[in-house]
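**Q** Numbering (our numbering), first residue to last: 455 to 529.
Where a beta carbon is used, it is the ideal one built from N, C-alpha and C, also for glycine.
1) I need the boundaries of the beta strand (DSSP E) containing residue 496, first residue and last residue.
2) In its own chain, which residues sit with a C-beta less than 6 angstroms from the C-beta of residue 494, not counting the 5 before and 5 after it?
3) By how many angstroms is the C-alpha of residue 461 removed from the C-alpha of residue 469?
4) Per DSSP, what kind of secondary structure is residue 501 in: helix, strand or coil?
5) Taking Cβ to Cβ, would you say residue 492 is nearer than 7 angstroms to residue 481?
In structure tokens:
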């Protein structure tokens with residue numbers, strides 16, 4: 455469990471190859487002390503796969519066959 459404060463991004467380090475990771479994102483409102491589950495996801499870490507950068511307004515064509523059906527996107 456890690457609190458990232460008001461930041462909108464977080465980098466995970468020291469991940470193990472082939473390991474499944476589950477991530478839950480919670481939002482906390484200080485005024486009412488209310489905490490809610492904002493989002494949840496999981497992924498299997500694959501060091502061989504390099505993220506493909508994306509930008510607003512620029513279409514990106516990706517070939518899933520060349521990447522074993524998986525692509526990691528960075529935006």
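**A** Judging by the given coordinates:
1) 488-498
2) 478
3) 21 angstroms
4) coil
5) yes
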